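Here the numbering used here is used: the first residue of the sequence shown is 4, the next is one more, and so on. Here's the structure, in structure tokens; my notes come after.
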Amino acid sequence: MPRRKPSYLLHKSTGQARVRINGQDHYLGTYGSPESRARYAELVEAWFEGSGGVARRQLTIDGLCVLYMQHAQKHYRKNGRQTDEVNNIRVALRHVVAGFGTMRARDFGPKALKLTREAMIKAGCVRASINRMISRIKGMFRWAVAEELIPPENLVALQALTGLRYGRTEARESAPVLPVPTEDIEAIQPFVSRQVWAMIQLQILTGARPGEIVIMRGADLNRQASTWEYRPRSHKTEHHHRSRVIFLGPRAQELVSGFLKADPEAYLFSPADAERERDAERRRNRQTPMTPSQRARRPLRRPRRTPGQYYRVSAYGQAIRKACETAFEMPQELRNVSQSLPVNQQKNLRERARQWRKDHCWHPHQLRHNAGTELRRHFGIEAARVVLGHASAVTTEIYAERDESRAREIMSKIG
């Protein structure tokens, strides 16, 4: 009985053409394109001839990226959820697909990787980010070698490309993360929920990471001693088998006490609670009575979006960004760029909006620098290291700004 010819298929989520041969999907490029049709014909011809190795030799960068993303979505998980590394990999692979998507994976070498890196530089990516993205691309090829999709020589050749060095590249440097000025923090208080403001204050008092604060529960608190202990159920360095204890002093305890709930498993800082409080405040401040039709309205049985039980770090950061836009009076034309404007004008406004946010907005990760700087100023670098949970004081140096006033005082006496 003659073998059935493999079909030319559409991979709907990516818009790519694919063909399944011997139980393995091979991605061919844009569905319906002449290039994908030609590649399909090559693979099918090789399959009819019984050359099992030809299919892998024809694997393209497009196809390899799809396979690697499928692996990453299963591999990079924490507490049952995908980690941010999945999206980081996706961003890195977009650059290589844009320039070399139709190239055979086995033909992708150091020169192609270098051209990909140059495209990142032209796109305005910072040096540190470029080095991380190139490392993730190399990681894809390392995985492909382990899966016997490409020969080991590919990976060996790619490893020859070293990272960009400081001062030896046209790539721009990222600006150092600095503490937030106190007046900029206080300016947004009227424009954030009670929950968000409490998290901001807790970060300043404890030096905790945003991801550690948003998941705080009563069950994670040890309130037996005069100084409470908070052990997050998940934290940044747990995969290194390091424990993380955050100590809460009197002021932090007072903040947390206002959010403790009867259910110890409930998250203390809940967007659902914030929305209920906001709705209640609106009802209290209502100037006109509700109409009968308004009273008759019922909540949707299946609303498209409902507030979660705890803030994602991204949502926490977004709440702060929106508050900054309101507090510092971001121009309306920049806040909501109209889609009806000409493309060039939209692009110009979005660039101005990006620059405005860079100049006026701050993010929750900066608050850890506030805490680190204060700890170092009053108690020294070692105390700051322990409180921030760093394994090395070298890392603490990044978070804690040097207190130059102390050096100035010393030199005024002996210099």
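Built from N, CA and C at the ideal position, the CB exists for glycine as well. Predicted, not measured: the structure shown is a model, and the values here were computed from it.
Helix, strand or coil for residue i, going by three-state DSSP, please let me know.
| i | result |
| --- | --- |
| K15 | coil |
| R236 | coil |
| Q192 | helix |
| V183 | coil |
| V340 | coil |
| K325 | helix |
| F250 | strand |
| I413 | Bear in mind that the predicted position of I413 carries a pLDDT of just 46, short of 50, making it unreliable; the figure below should be weighed with that in mind. I413 falls in the helix class under three-state DSSP. |
| K8 | coil |
| L118 | helix |
| N225 | strand |
| R175 | strand |
| R84 | strand |
| A95 | helix |
| G127 | coil |
| G55 | Because the pLDDT of G55 is 49, which lies under 50, any placement of that residue in the model is unreliable, and the number read from its coordinates should be weighed accordingly. Of the three classes helix, strand and coil, the one that applies to G55 here is helix, per DSSP. |
| G170 | coil |
| A283 | helix |
| I133 | helix |
| D266 | coil |
| Y319 | helix |
| G32 | strand |
| A275 | helix |
| Q27 | strand |
| A20 | strand |
| W231 | strand |
| T376 | helix |
| T209 | helix |
| R360 | helix |
| R107 | strand |
Pop quiz: residue i and residue j are said to be a contact at Cβ under 8 Å. What is the actual Cβ separation, rounded to whole angstroms?
| i | j | result |
| --- | --- | --- |
| P154 | R109 | 6 Å |
| G104 | I64 | 5 Å |
| Q312 | A275 | 6 Å |
| G127 | R175 | 7 Å |
| V3 | N157 | The chain is shown only over 4 to 418; residue 3 falls outside these bounds and no answer can be derived. |
| G210 | G375 | 6 Å |
Going by alpha carbons, who is nearest to residue i out of the options?
| i | options | result |
| --- | --- | --- |
| D362 | N25, G252, L181 | L181 |
| P367 | F272, L337, A318 | A318 |
| R139 | F250, Y71, V199, Q61 | Y71 |
| Q249 | T230, E189, C364 | Residue identity check: residue 249 is Ile in the sequence provided, not Gln. Closest by alpha carbon: T230. |
| H98 | R197, R60, E121 | E121 |
| Y270 | R226, M219, P310, N347 | M219 |
| P9 | R23, E88, Q85 | R23 |
| R197 | L152, E280, R380, V183 | E280 |
| Q227 | L251, S237, G112 | L251 |
| V183 | I323, L344, V340 | I323 |
| R84 | R355, M333, S237 | S237 |
| L167 | N225, S132, F382, P345 | S132 |
| R130 | S39, R300, E385, R171 | R171 |
| G18 | G26, S39, N25, R7 | S39 |
| E173 | V195, M123, E150, R145 | M123 |
| L224 | A101, I188, L263, D187 | L263 |
| L96 | Y314, N339, G66, R355 | G66 |
| E354 | Q369, S343, R338 | R338 |
| W146 | K117, Q73, I188, K125 | Q73 |
| Y314 | N82, S273, S343 | S273 |
Using 7 Å as the cut-off, classify the Cβ of residue i as near or not near the heavy atoms of the ligand ADP, replying yes or no.
| i | result |
| --- | --- |
| Y319 | No copy of the ligand ADP appears in this structure; indeed no ligand is present at all. |
With a threshold of 8 Å on Cβ separation, who are the neighbours of residue i within its own chain once the five nearest residues in sequence on each side are excluded?
| i | result |
| --- | --- |
| S246 | R234 |
| E336 | L352 |
| M106 | T63, I64, A115 |
| V316 | P213, G214, V217, P367 |
| Q61 | H29, R42, E45, L46, A49, R107 |
| W200 | Q192 |
| L12 | A20, R21, V22, R23 |
| V195 | I203, A322, I323, A326 |
So, for residue i: in the same chain, excluding its five sequence neighbours on each side, which residues have a beta-carbon less than 6 Å away from its beta-carbon?
| i | result |
| --- | --- |
| A115 | F103 |
| A190 | A330 |
| D28 | R21 |
| H14 | R21 |
| R42 | L31 |
| V390 | G210, L378 |
| P345 | none |
| H243 | Caution applies to H243, whose pLDDT of 49 falls short of 50 and renders its modelled position unreliable; the model cannot decide the point. |
Which residues in the same chain as residue i place their Cβ atom closer than 7 Å to its Cβ, once the five residues preceding and following it in sequence are excluded?
| i | result |
| --- | --- |
| V89 | A75, Q76, Y79 |
| A222 | P267, E268 |
| C327 | I191, H363, C364, W365 |
| N373 | P182, V183, I207 |
| E150 | none |
Check whether the stretch 281-289 touches the stretch 156-176, counting contact only when three or more Cβ pairs, one atom from each stretch, lie closer than 8 Å.
-> no
Between the stretch 194-207 and the stretch 249-263, do at least 3 Cβ pairs fall closer than 8 Å?
-> Contact between the stretch 194-207 and the stretch 249-263 is present: three or more C-beta pairs spanning the two stretches fall below 8 Å.
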